[in-house]
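In this note's numbering, the protein residues as written are -6 to 439.
In this text, a Cβ means the ideal position worked out from N, Cα and C, and glycines have one as well.
To start, the structure under review is shown below, and the notes come after it.
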RNA sequence: GUGGGUGUAGCUCAGCUGGUAGAGCGCUGCGUUGUGGUCGCAGAUGUCGCGGGUUCAAGUCCCGUCACUCACCCCA
């Protein structure tokens, strides 16, 4: 059989790289759980009518079909989910009677989209979602909470600096109403194109498509120009002299979110009030989020979300929600493929117990057993090759220590420094940073 | 879906107007006789993506096809 080739859009990692991904997932999980978010996993397949709701037909859904199906034209009516929000909404409705509200959950799973792959854009990818969902009415402070939890989680990741950009649809809609725009939704849709089109093109569209005057269009662009890492955006908006009740609400809410995230600001994470942020999806009703990675703006946002006052509805009860999703594959794979993110070893083993000869395998197994009993990952050499070979075996896998159980006693060698010292398998412990593989993150070359 | 680019050793790639397939890294062995890495020496490895055509002769030219990749679109 000829060597298989990769399938475009279905990234696979080598063990050391996968270890880095797992470390990122672990940090996200830890933070989410510290804040009391419960984990769930939803099935990968959903009925097509669930997936295609809201006219999201352009999502390129992968459909399930049995190979041995009698009628080769028929599918199962099931498709793979293309995000975690739609399955979550369905899950909430299905289990509404068994869930406690407000329901705070996180979900880290794969999703599939049949689109043409590109850098940071895959057909199979992992994302991490947190959402809070409530019955009937969801208090605003959950917007702040969700932002703060994600901000804290992102600020711990060993990645290039991430920024959480935040805006409020209430703020911009109130502003547009305040200047007399008849159709704020259209203005939002056009403003959202600012990152792709030049400002004067957007201004022209505002005049032709949203029926604004040149002066009104200029005001909209002035608003979109405001972007601050703190709450100083309030004064800048006020300086534009527009008055509207909804604008006041939006300003207050956005202030609360930015202040709520401020404690998480560090050299790897910043929150940013970005008044150009709109998000094209029309079901967002208040706070909106997008996440960007510094130096990787070309791959677009690496996460996003917001508030939707009707996440789910069974006709009788409406379930509003607010959430953010972080694209793990989108963020990590570009770094990994550039060699900027991996980990210190390809195996968990911290110690390779050398093997003097086959007769002493029992003795070496015994050393490994004692180490493992104390939580130190250890493996025994596969064969009794020359010690040089056994050390090389460890070196190539990044295993930092080789243990020798000789006639004269036990010795352990740190193969990075070459230091070899007498040691007792019942008590010897490596430094904590050597216990597990460590993520190694390099800066991108300029 | 539309348009461009690229397929040669495990990896990164060179190979001119057609003439017996190369480099670096990696790999294997030896020096070093049971303590690796450095260094030195020696060695192995290819259906030149696949199919067809032109030609005395094709990695090279032509046609087709597949895969990968980039951009548009959209988004995590």
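DSSP beta-bridge partners for residue 282? 159, 298
C-alpha distance - residue 59 paired with residue 46, whole-angstrom precision: 24 angstroms
Can you check whether the CB of residue 347 is closer than 9 angstroms to the CB of residue 301? Note that the C-beta distance between residue 301 and residue 347 is not below 9 angstroms.
Please return the same chain residues whose Cβ sits closer than 6 angstroms to the Cβ of residue 438, not counting the five positions on each side in sequence. Because residue 438 carries a pLDDT of 48, less than 50, the predicted location of this residue cannot be relied on, and the following value inherits that uncertainty. Once the five neighbours on either side are set aside, residue 438 has no close Cβ partner at all.
Span of the beta strand (DSSP E), counted from its first residue to its last, around residue 404: 402 to 407 is the extent of the beta strand (DSSP E) around residue 404.
Please state whether DSSP places residue 314 in a helix, a strand or coil. strand
Between residue 14 and residue 305, what straight-line distance do the alpha-carbon atoms span, to the nearest angstrom? 32 angstroms
According to DSSP, is residue 251 part of a helix, a strand, or is it coil? helix
Among 321, 174, 288, 84, which residue has its Cα nearest to the Cα of residue 153? 288
Check whether the segment 24 to 42 and the segment 140 to 148 touch, using three or more Cβ-Cβ pairs below 8 angstroms as the test. yes
Could you work out which residue in 400, 317, 429 is closest to residue 135 when comparing CA atoms only? Ranking the options by Cα distance to residue 135, first place goes to 317.
Nearest to residue 293 by CA position, among 308, 276, 270, 117, is which residue? 270
Counterpart residues of residue 56 in DSSP-defined beta bridges: 72
Which same chain residues end up closer than 6 angstroms to residue 256 when comparing Cβ atoms and leaving out the 5 residues on each side of it in sequence? none
According to DSSP, is residue 123 helix, strand or coil? Annotated three-state conformation of residue 123 is strand, per DSSP.
Per DSSP, the bridge partner or partners of residue 434: 334
Own chain residues within Cβ distance below 6 angstroms of residue 212, not counting five before or after: 172
Runs of alpha helix (DSSP H) lying entirely within the segment 185 to 239, each at least 4 residues, in chain order: 192 to 202, 207 to 217, 226 to 231
Using DSSP bridges, identify the partner residues of residue 263. DSSP, once it has assigned bridges, lists 156 as partnering residue 263.
Am I right that residue 56 and residue 68 are in contact with their C-beta atoms under 8 angstroms? What's the rounded C-beta distance? About 5 angstroms separates the two Cβ atoms, so the contact holds.
Same chain, Cβ closer than 6 angstroms to residue 309, neighbours up to 5 away in sequence not counted: none
What distance in whole Å lies between the Cβ atoms of residue 340 and residue 16, which are believed to be in contact at a cut-off of 8 angstroms? The C-beta distance from residue 16 to residue 340 rounds to 15 angstroms, too long to meet the 8 angstroms contact threshold.
Three Cβ pairs or more, each shorter than 8 angstroms: is that satisfied between the segment 159 to 167 and the segment 277 to 288? yes
Where do the N-terminal and C-terminal ends of the beta strand (DSSP E) with residue 8 fall, by residue? In the DSSP annotation of this structure, residue 8 is not part of any beta strand (DSSP E); the continuous alpha helix (DSSP H) holding it starts and ends at 8 to 27.
Quick check on the DSSP output: the alpha helix (DSSP H) that includes residue 145 runs from which residue to which? 134 to 147 is the span of the alpha helix (DSSP H), which, as asked, contains residue 145.
Does DSSP put residue 322 in a helix, in a strand, or in coil? helix
Kindly indicate which three-state DSSP category residue 426 falls into: helix, strand or coil? helix
Sequence-distant residues of the same chain with beta carbon closer than 7 angstroms to residue 129, five excluded per side: 310, 311
Taking residue 360 as the reference, which of 329, 337, -2, 403 has the closest Cα? 403
Does the structure place the segment 172 to 186 close enough to the segment 199 to 213 that three or more beta carbon pairs sit under 8 angstroms? yes
For the ligand ATP, I want to know if residue 13 counts as a neighbour, meaning its beta carbon is within less than 8 angstroms of at least one of the ligand's heavy atoms. Ligands are entirely absent from the displayed structure, and the ligand ATP is therefore not among its contents.
Which of the three DSSP states, helix, strand or coil, is assigned to residue 304? The answer is strand: DSSP assigns residue 304 an E or B state.
Check whether the Cβ atoms of residue 214 and residue 195 sit closer than 9 angstroms, and answer yes or no. yes
Secondary structure of residue 439, DSSP reduced to three states: Interpretation of residue 439 is limited by its pLDDT of 37, a score under 50 that renders its predicted location unreliable; no figure is taken from the coordinates.
Could you pull the start and end residues of the beta strand (DSSP E) that residue 399 belongs to? 394 to 399
For residue 183, three-class secondary structure by DSSP: Correct three-state label for residue 183: helix.
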